[in-house]
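A.B. asks: The numbering of the sequence shown is the working numbering, which starts it at 386 and goes up by one.
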Amino acid sequence: MPLTISVIKADIGSIGGHVTPSRRLVESVEAHIHSGGRGLILDHYISHTGDDIAILMTHTRGTGDPRIHKLAWDAFLAGTAVAKAQGLYGAGQDLLKDSFSGNVKGMGPAVAEMEIEERPNEPFLFFAADKTDPGCFNLPLYLAFADPMNTPGLVLSPAMAKGFRFRIMDVNHVEGDRIIELNAPEDLYDIATLLRDQERFVVESVWSRASGEQSVAVATSRLHNIAGKYTGKDDPVMLVRVQMNFPATGEILTPYAMGHYVGGGMRGSHQVPLMPVPLYTGTSYFDGPPLVSCAGFSVHHGKLTEAVDNFAQPFWNTVRDHVALKAVEMRRQGFFGAAMLPMAELEYTGIRDRLKSLEARFQVREEMAAVS
Ligand code: F6R
Ligand code: MG
Ligand code: MG
Numbered sequence: 386m387p388l389t390i391s392v393i394k395a396d397i398g399s400i401g402g403h404v405t406p407s408r409r410l411v412e413s414v415e416a417h418i419h420s421g422g423r424g425l426i427l428d429h430y431i432s433h434t435g436d437d438i439a440i441l442m443t444h445t446r447g448t449g450d451p452r453i454h455k456l457a458w459d460a461f462l463a464g465t466a467v468a469k470a471q472g473l474y475g476a477g478q479d480l481l482k483d484s485f486s487g488n489v490k491g492m493g494p495a496v497a498e499m500e501i502e503e504r505p506n507e508p509f510l511f512f513a514a515d516k517t518d519p520g521c522f523n524l525p526l527y528l529a530f531a532d533p534m535n536t537p538g539l540v541l542s543p544a545m546a547k548g549f550r551f552r553i554m555d556v557n558h559v560e561g562d563r564i565i566e567l568n569a570p571e572d573l574y575d576i577a578t579l580l581r582d583q584e585r586f587v588v589e590s591v592w593s594r595a596s597g598e599q600s601v602a603v604a605t606s607r608l609h610n611i612a613g614k615y616t617g618k619d620d621p622v623m624l625v626r627v628q629m630n631f632p633a634t635g636e637i638l639t640p641y642a643m644g645h646y647v648g649g650g651m652r653g654s655h656q657v658p659l660m661p662v663p664l665y666t667g668t669s670y671f672d673g674p675p676l677v678s679c680a681g682f683s684v685h686h687g688k689l690t691e692a693v694d695n696f697a698q699p700f701w702n703t704v705r706d707h708v709a710l711k712a713v714e715m716r717r718q719g720f721f722g723a724a725m726l727p728m729a730e731l732e733y734t735g736i737r738d739r740l741k742s743l744e745a746r747f748q749v750r751e752e753m754a755a756v757s
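Pasting the structure below:
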């Protein structure tokens with residue numbers, strides 16, 4: 386029977402600002418999944434990155450299953466009650482709807498799910514990013530699945546040399562899921578053309594063209610498309626199956642050494658480099674910098690091993706130092722030019738309101754108007 390891996394995450398409150406959830410909050414989510422998941426799920430793992438809590442579950446009910454989604458939703462409600470009782474900041478922030486309607490998609494929490502035929506040994510990675518949006522994975526996925534400069538497997542492994550299929554979503558299209566499928570390597574320039582626009586075109590999934598199997602699932606929801614206004618950054622999660630017909634763990638991790646600039650950071654409105662961090666890291670500098678954690682697992686008949694903390698390994702200390710310098714360098718530029726996101730992506734309305742009020746005070750100089 387196929388195995389489903391589901392990860393559902395939400396920001397339901399944190400200590401000392403948008404920093405990290407409290408221990409009691411995390412314990413309440415864990416307790417709910419532990420009791421409510423009996424007979425429903427095969428295994429689970431609860432983690433937090435920045436101010437977000439993620440519930441990873443294995444089961445056999447397929448993707449988008451109402452009972453699995455309700456289990457996570459109710460766990461977040463239980464956590465929200467604790468967050469309120471403790472006076473945590475942003476209690477229940479990502480639970481944007483009052484009543485559960487069968488699927489948490491479109492209700493605030495981020496979801497990444499995959500239904501797979503479990504391989505005899507099945508390694509996979511679970512990424513969680515905070516203070517950024519789903520486009521933060523565009524560049525790492527492009528490099529890992531389409532660029533032999535990053536991924537030698539694309540030229541060394543006959544299966545991987547058949548390439549990968551990218552399913553890309555236009556996340557600005559709110560009336561429904563607007564999707565395109567493109568094949569690497571033939572459509573490389575088309576893939577590049579879309580993925581450079583990290584705020585609009587987002588990789589939703591990646592598939593092996595050799596076997597047809599799915600390797601990647603990314604949560605693509607945009608909170609402001611759901612709520613119609615700023616409600617926090619989208620803070621995505623991602624699942625990546627690795628090895629054999631897929632890139633190796635190291636090929637998937639390597640792009641994060643770049644510390645590429647992503648949309649996010651303070652008030653979700655800046656360009657700040659993405660810092661790979663150990664599991665359970667909170668935010669700090671400039672409400673960030675945007676963070677990404679990576680837990681590695683093996684799964685057998687749905688049972689998970691303990692997590693390996695991929696960005697805790699010493700190599701990443703130097704990367705973090707480098708990313709911190711990049712963040713400070715960009716911050717020296719404050720709100721000017723490339724340091725702040727373009728107008729349409731600003732998560733707060735202050736600048737737009739101010740521009741509107743200045744509009745009436747502009748005047749076209751008489752003599753110039755006469756010349757033209
Ligand atoms: C960004 C984020 C934070 C907040 C900032 C102000 O995604 O969550 O940077 O935008 O701390 O928060 P409020 O408006 O809640 O005071
Ligand atoms: Mg938050
Ligand atoms: Mg967050």
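For each residue, glycine too, the CB sits at the ideal point set by N, CA and C.
Nothing here was measured: the structure is a model prediction, and the numbers come from that model.
(1) Who pairs with Tyr430 in a beta bridge, going by DSSP?
(2) Can you tell me where the beta strand (DSSP E) with Glu507 in it begins and where it stops?
(3) Between Thr517 and Asp437, is the Cβ-Cβ spacing less than 9 angstroms?
(4) How is the alpha helix (DSSP H) around Pro658 delimited, first residue to last?
(5) Determine the closest residue to Val601 out of Gln628, Asp582 and Ala577, with distance taken between C-alpha atoms.
(6) So, at 6 angstroms on beta carbons, what are the nonlocal neighbours of Lys469 in its own chain, with the 5 sequence-adjacent residues on each side left out?
(7) Rounded to the nearest angstrom, what separates Asp572 and Phe549 at their Cα positions?
(8) Could you work out which residue in Thr690, Phe461, Lys490 and Gln748 is closest to Thr341 when comparing CA atoms only?
(9) Just verifying my parser: in three-state terms, what is the DSSP assignment at Ile397?
(10) Does the beta carbon of Lys516 fall short of 8 angstroms from some heavy atom of ligand 1?
(11) Would you check if the region 684-704 and the region 635-655 touch, i.e. whether three or more CB-CB distances between them fall below 8 angstroms?
(12) Helix, strand or coil for Arg652, going by three-state DSSP, please let me know.
(13) For Ile765, tell me which candidate among Gly422, Leu425, Gly424 and Leu441 has the shortest Cα-Cα distance.
(14) Of all the options Tyr670, Gly653, Gly650 and Gly681, which has the alpha carbon lying nearest to the alpha carbon of Leu664?
(15) List the whole-angstrom C-beta distance separating Ser391 from Ile453, where the pair is believed to meet the contact cut-off of C-beta under 8 angstroms.
(16) Does DSSP put Ala569 in a helix, in a strand, or in coil?
(17) Between Asp672 and ligand 1, is there a pair consisting of the residue's CB and a ligand heavy atom that are separated by less than 8 angstroms?
(18) Consult DSSP for Glu691 and reduce its assignment to one of helix, strand or coil.
(19) Can you tell me whether Tyr646 is buried or exposed, with buried defined as 16 or more other CB within 10 angstroms of its CB?
(20) Check whether the Cβ of Tyr582 lies closer than 8 angstroms to any heavy atom of ligand 1, and answer yes or no.
(21) What do you reckon, are the CB atoms on Tyr512 and Ser399 nearer than 9 angstroms?
(22) Three Cβ pairs or more, each shorter than 8 angstroms: is that satisfied between the region 698-715 and the region 653-671?
(23) Can you look up Gly685 in the DSSP assignment and give me helix, strand or coil?
(24) In whole angstroms, give me the CA-to-CA distance for Ala497 and Ala723.
(25) Check the DSSP bridge columns for Phe700 and list the partner residues they point to.
(26) Which partner residues does Ala497 have in the DSSP bridge list?
(27) Taking all protein chains shown into account, decide if Glu751 is buried (16 or more other Cβ within 10 angstroms of its Cβ) or exposed.
(28) Going by the CB atoms, is the gap between Pro519 and Val802 shorter than 9 angstroms?
(29) Looking at the unbroken beta strand (DSSP E) that takes in Glu589, where does it start and where does it end?
(30) Mind checking Arg772: buried by the 16 CB within 10 Å criterion, or exposed?
(31) Given a cut-off of 9 angstroms, decide if Ile418 and Leu456 are closer than it, judged by their beta-carbon atoms.
C.D. replies: In short:
(1) Leu441
(2) Glu507 to Asp515
(3) no
(4) In this chain, Pro658 is not harboured by any alpha helix (DSSP H); it is covered by the beta strand (DSSP E) spanning His655 to Pro658.
(5) Gln628
(6) Ala476
(7) Their Cα atoms are separated by approximately 10 angstroms.
(8) In this structure the chain extends from 386 to 757, so residue 341 is not present and cannot be described.
(9) coil
(10) yes
(11) yes
(12) Annotated three-state conformation of Arg652 is helix, per DSSP.
(13) Nothing about residue 765 can be reported from this structure: the residues present for the chain run from 386 to 757 only.
(14) Gly681
(15) Right, their Cβ atoms sit about 6 angstroms apart.
(16) strand
(17) Flag set: Cβ of Asp672 near ligand 1.
(18) Of the three classes helix, strand and coil, the one that applies to Glu691 here is coil, per DSSP.
(19) Flag for Tyr646 reads buried.
(20) A small fix is needed here, since residue 582 is Asp in this sequence, not Tyr. Incorrect: Asp582 has no Cβ contact closer than 8 angstroms to ligand 1.
(21) In the sequence on display, residue 512 carries Phe and not Tyr. No, the Cβ-Cβ distance between Phe512 and Ser399 is not below 9 angstroms.
(22) yes
(23) The sequence given here places His at residue 685; Gly does not occur at that position. Strand at His685.
(24) Rounded to whole angstroms, Ala497 to Ala723 spans 31 angstroms at the Cα level.
(25) In the DSSP output, where bridge partners are listed per residue, Phe700 has none listed.
(26) By DSSP's assignment, Ala497 forms a beta bridge with Val392.
(27) exposed
(28) The structure shown does not extend to residue 802, since the chain is modelled only from 386 to 757, so the question has no answer here.
(29) First-last of the beta strand (DSSP E) with Glu589: Phe586 to Ser593.
(30) There is no way to answer for residue 772, as the model of the chain reaches only from 386 to 757.
(31) The criterion of a C-beta distance shorter than 9 angstroms is satisfied by Leu456 and Ile418.
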